[in-house]
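Have a look at the structure below before the remarks.
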Amino acid sequence: MEQARKRLAIVWLALMVLLALTVAGSFTVTGAASAVVSFGVAAAKVVLIFWFFMQLRTEKGLIRVFAVGAIAWLAILLTMLTIDNVTR
Amino acid sequence: MTDVPANRRANPHDIRDRGLSETPEQRTSYLRAGHTLRSWFLTTDHKRIALLYLVAVTFFFFVGGIAAALIRIDLLTPEGDLLSNEGYNRAFTLHGVIMVWFFLIPSIPNTFGNFLIPLMIGAKDLAFPRLNLLSWYIYVIGGLCTLFVLVAGGVDTGWTFYTPLSSMFAHGQVVMAATAVFIVGFSSILTGLNFIVTIHKLRCPGMTWGRLPLFVWSHYATSLILVLATPVLSITLALIAAERLFGLGVFDPKLGGDPLLYQHLFWFYSHPAVYIMVLPGLGVVSELVTAAARKRVFGYWFVAGSSLAIAAVGFLVWGHHMFVAGQSMYAGAVFSFLSLVVAVPSAVKVYNWTATLYKGQIAIDPPFLFAASFIGLFVFGGLTGLVLAMLAVDTHVHDTYFVVAHFHYIMVGGTVSAYFGALHFWWPKMFGRTYPMVWGRIMALLIYLGFNLTFFPQFILGYLGMPRRYHVYPPEWQVWNVLSSTGASILGVAYVLPFVYLLWSLRYGPPAPANPWGAAGLEWTVPSPPPKENFAETPVVDCPAYDYPLEMEEGEMKEGARG
Amino acid sequence: MVDQPYSTAPQQREAATMGMFVFLGTEIMLFGGMFAVALGLRLTHPREFVDASLQLHVWIGAINTAVLLTSSAAVALAVHAVRAHQYRATSVLFVIAALLGVVFLGIKAFEYATEYREGLLLPPVGVQRLFMDLYLLSTGLHALHVIVGAGLLAGVAAFAPRRATLVENTGLFWHLVDSIWVFLYPVLYLAR
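Chains as they are written, first to last, in the working numbering: chain A, 6 to 93; chain B, 4 to 566; chain C, 25 to 216.
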């Protein structure tokens with residue numbers, strides 16, 4: 006149990022560090038690179054939350070598929086929307 | 004008074020039974036497990052919930068049908084003389100809203116899916132029985148909101164609620180209509196959730212994925228669409244309501260908003276929604292075809308996989324509704340190509356059904372006739388879908404009656420045929436009574452003829468250029484419109500017929516055995532109607548799906564009672 | 025403790041967890057529509073979108089992000105506690121998480137008030153108006169989920185801290201509410 010609590014504490018620390026990174030990035034990076042930084046950091050945070058906090062680390066494969074399924078589907082909407090807007 | 008023959012008596016040994024009393028199976032079935040209103044309206048039994056839905060969707064089918072009747076009567080003459088312009092707009096809007104969300108989407112999944120999925124997989128109920136009941140109540144509340152819209156002045160934006168008309172300019176009950184659809188969307192989402200978990204978790208021992216009936220596969224695919232697409236509709240409708248209620252504009256062109264953004268969001272749901280409407284019908288037809296031919300389905304994995312393929316690819320084609328709306332040409336080309344691709348899995352199903360029927364011992368019973376009607380009309384409608392998928396052709400026929408005819412061939416020729424086929428196939432199982440086959444055959448024939456008379460002229464009208472949603476048209480098109488309206492009246496008669504003979508059968512029909520069609524599937528192993536807990540003991544499956552003998556010997560008699 | 029129609033307890037637990045993940049998927053698609061609107065706006069008016077984003081208070085948003093992430097950590101600890109049968113700890117941690125949720129809402133309310141005073145909330149015209157409307161709608165919808173989530177956490181803490189599956193699944197909902205904010209923050213506040 007102690008090991009589990011320690012692990013969660015480390016994840017929390019990592020999340021705080023990532024938060025600091027993304028705020029710092031917003032002051033320093035601009036343009037397309039800033040989108041990469043801020044969404045990259047957000048994705049990293051969500052991966053940590055899903056893997057450690059939501060226990061995907063210990064769940065079966067099918068549940069992991071369900072957990073990411075909607076995100077993949079959302080990507081379809083966002084991608085095609087982008088294709089249309091960018092090529093108009 | 005002559006005695007009722009033994010095979011028509013509910014209790015064969017009682018010579019005085021006039022065929023009016025309940026059969027022993029009915030007395031111990033789910034129909035009689037509890038007599039109070041409470042036992043029906045607070046039931047968690049998936050079979051009773053299925054009947055609650057059956058009554059509700061039938062009611063809305065007729066409300067939507069009345070709207071259709073108004074439309075077709077108005078279109079008998081080139082002038083707009085039955086309804087005002089505003090009134091006509093409200094008629095086709097209500098027709099669309101009610102038929103799409105309150106009939107087509109729930110019709111097969113929430114009646115037959117609810118009733119049959121646990122039986123087909125050997126389970127006692129769905130994964131979340133109380134959630135199932137909640138889904139029905141949510142549906143009813145959404146329905147009541149729609150009825151309120153009906154009496155409070157209607158809505159005139161079309162079922163597609165395009166902005167900025169719906170968000171900024173339309174008079175009428177836009178917010179209430181959007182609310183009604185938002186509410187019923189939750190019913191859909193919860194149903195899909197329930198089916199997915201049920202099919203994953205509650206299959207009986209031996210019921211592997213490869214032994215599932217194709218009806219279950221297609222409902223699984225439908226459920227994936229239900230849970231992934233419907234929330235996008237929910238948020239889109241909420242945005243329209245927010246714009247009307249609070250002036251919060253995200254689509255407002257004056258502020259720089261993009262009206263096309265709304266269309267992307269709306270069609271991202273609504274194209275997969277049409278697959279929600281047709282996939283369950285495709286699953287029904289798979290069952291009807293294999294049972295009618297008494298032959299194992301040809302290419303089981305192809306048919307199962309095609310359901311998933313339709314669900315997946317169906318999410319990639321929504322831009323074909325926006326070819327002339329201002330979308331980029333490159334996006335249009337991509338969507339056009341993908342729209343052609345999505346026809347492939349549907350065609351795969353049709354080829355497999357044909358191969359199933361080949362050398363089968365086909366019985367010309369009503370379920371088969373409805374399945375045949377489905378296949379003919381679905382193929383024709385699907386081919387015209389390919390026509391519409393071609394970007395260049397669509398610029399000519401977009402927003403004309405060609406489109407209207409296309410989707411009615413699929414929705415009405417397809418899904419409604421499948422719905423009635425399912426009703427005629429599983430009626431004996433659900434109620435323990437058989438109906439007179441001749442009337443079922445007559446209905447199927449009337450539907451097929453009436454349908455073609457109604458909607459084929461609309462292809463011609465669309466090609467000639469008649470726009471959709473118009474009730475005023477040049478007089479030279481009147482002949483086609485009159486043909487169409489005549490067909491619609493035949494359809495109307497056909498839809499009323501089952502009320503007569505099916506309801507008659509509830510009391511006077513011969514009692515149905517457990518397996519009146521001699522079909523394969525776990526639902527045919529329980530009594531007709533089934534007891535409340537479905538199975539006395541959990542079945543164990545050890546044979547493949549559709550375990551009919553592969554070849555019939557010459558002169559071999561068919562087993563199982565027929566008709 | 026097995027309810028109909030299940031035959032074993034693990035089957036029921038797995039079904040409940042699967043059901044919750046499917047439901048979370050629907051929430052992702054719901055907010056996904058909002059993200060699509062944001063993307064559409066960003067693509068059609070990139071310059072104005074960034075200008076409007078710069079007007080938001082990055083530090084208030086950052087503090088709120090930290091608050092939610094911490095509340096998620098508390099929930100994760102609570103789930104570990106319930107599996108170790110430490111029901112008091114479960115209850116306490118859930119209450120802490122719910123309180124942090126209330127803190128989030130309080131900070132949000134303060135933020136809305138500040139923006140209102142600065143005249144930011146309903147600018148008359150232009151893309152900034154569209155942006156601020158999107159900001160209000162998406163943070164408002166999110167706040168609604170925070171209210172529901174905090175209520176569920178408090179309810180489970182008070183009445184059912186021993187029911188492990190319920191605790192876990194309520195926790196899953198809260199983590200999703202947090203995850204959505206993790207993406208809302210850069211989309212709205214950090215567009216550069």
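Ideal placement from N, C-alpha and C gives every residue a C-beta, glycine not left out.
{"Check": "Terminal residues of the alpha helix (DSSP H) in which C:Gln195 lies", "Outcome": "One point to set straight first is that residue 195 of chain C is Gly, not Gln, in the sequence displayed. Counting along the chain, the alpha helix (DSSP H) containing C:Gly195 begins and ends at Ala188 to Tyr213."}
{"Check": "Close-in-space but distant-in-sequence residues of the same chain around B:His411 (CB under 7 Å, 5 per side omitted)", "Outcome": "Phe458"}
{"Check": "Cβ neighbour criterion (16 or more within 10 Å) applied to B:Trp212", "Outcome": "exposed"}
{"Check": "Close-in-space but distant-in-sequence residues of the same chain around B:Pro256 (CB under 8 Å, 5 per side omitted)", "Outcome": "Pro167 and Pro262"}
{"Check": "Burial state of B:Gly417 (16 or more Cβ within 10 Å)", "Outcome": "buried"}
{"Check": "B:Thr211 (DSSP reduced to helix, strand or coil)", "Outcome": "coil"}
{"Check": "Whole-angstrom distance between C:Ser96 and C:His199, CA atom to CA atom", "Outcome": "6 Å"}
{"Check": "Residue closest to B:Lys127, alpha-carbon to alpha-carbon, out of B:Leu236, B:Asp545, B:Pro547 and B:Pro533", "Outcome": "B:Pro533"}
{"Check": "Beta-carbon proximity check, B:Asn117 vs B:Ala53, cutoff 7 Å", "Outcome": "yes"}
{"Check": "Same chain, Cβ closer than 7 Å to B:Ile367, neighbours up to 5 away in sequence not counted", "Outcome": "none"}
{"Check": "Under 9 Å (Cβ pairs) to chain C, residues found in the stretch 237 to 264 of chain B", "Outcome": "Ser237, Ile238, Thr239, Ala241, Leu242, Ala245, Glu246, Phe249, Gly250, Leu251, Gly252, Val253, Phe254, Asp255, Lys257, Leu258, Gly259, Gly260, Asp261, Leu263 and Leu264"}
{"Check": "CB contact check: A:Lys11 to chain C, cutoff 7 Å", "Outcome": "no"}
{"Check": "Residue closest to C:Gln79, alpha-carbon to alpha-carbon, out of C:Leu101, C:Arg153, C:Arg107 and C:Ala105", "Outcome": "C:Arg153"}
{"Check": "Cβ neighbours of B:Gly512 in the same chain (closer than 6 Å, five flanking residues each side left out)", "Outcome": "Arg436, Thr437 and Tyr438"}
{"Check": "8 Å contact criterion, which A:Asp89 and B:Ser331 should meet: CB distance rounded", "Outcome": "5 Å"}
{"Check": "Beta-carbon proximity list for A:Val42, same chain, < 6 Å, skipping 5 on both sides", "Outcome": "Gly30 and Val34"}
{"Check": "B:Thr31 (DSSP reduced to helix, strand or coil)", "Outcome": "coil"}
{"Check": "Through-space distance from B:Lys432 to B:Pro530, alpha-carbon basis", "Outcome": "8 Å"}
{"Check": "Extent of the continuous alpha helix (DSSP H) to which A:Ile88 belongs", "Outcome": "Gly66 to Thr92"}
{"Check": "Spatially closest choice to C:Arg216 from A:Thr92, A:Val28 and A:Ile68, by CA coordinates", "Outcome": "A:Val28"}
{"Check": "Under 7 Å by beta carbon: chain C residues contacting B:Pro112", "Outcome": "What B:Pro112 touches in chain C: nothing, since even the nearest Cβ is about 16 Å away."}
{"Check": "Unbroken stretches of the alpha helix (DSSP H), 4 residues or longer, contained in the stretch 218 to 291 of chain B", "Outcome": "none"}
{"Check": "Bridge partner(s) assigned by DSSP for B:Gly175", "Outcome": "B:Val158"}
{"Check": "Identified DSSP bridge partners for B:Pro470", "Outcome": "B:Thr403"}
{"Check": "CB-CB length for C:Ala100 against A:Phe58, believed under 8 Å", "Outcome": "4 Å"}
{"Check": "Min CB distance A:Arg69 to chain B below 7 Å", "Outcome": "no"}
{"Check": "Residues of the stretch 420 to 434 of chain B with Cβ closer than 7 Å to any Cβ of chain D, in chain order", "Outcome": "Of the chains in the structure shown, none is chain D; the protein chains are A, B and C."}
{"Check": "Cut-off 7 Å between Cβ atoms - residues of its own chain near B:Gln176, not counting five sequence neighbours on either side", "Outcome": "Val152, Ala155, Gly156, Gly157 and Val158"}
{"Check": "Outcome for C:Gln28 when other beta-carbon atoms lying within 10 angstroms are tallied against a minimum of 16", "Outcome": "exposed"}
{"Check": "Chain C residues whose Cβ lies nearer than 8 Å to that of A:Ile15", "Outcome": "Under the 8 Å cutoff, chain C gives no residues; its nearest Cβ is about 10 Å from A:Ile15."}
{"Check": "Distance between C:Met156 and B:Thr293 (C-alpha atoms, nearest Å)", "Outcome": "57 Å"}
{"Check": "CB contact below 7 Å: A:Ile81 versus chain B", "Outcome": "yes"}
{"Check": "Beta-carbon proximity list for B:Val382, same chain, < 7 Å, skipping 5 on both sides", "Outcome": "Val353"}
{"Check": "Opposing strand residues paired with B:Pro514 [DSSP bridges]", "Outcome": "B:Arg436"}
{"Check": "Exposure of C:Thr50, with buried meaning 16 or more beta-carbon neighbours within 10 Å", "Outcome": "buried"}
{"Check": "Burial state of B:His399, where buried means 16 or more other Cβ atoms lie within 10 Å", "Outcome": "exposed"}
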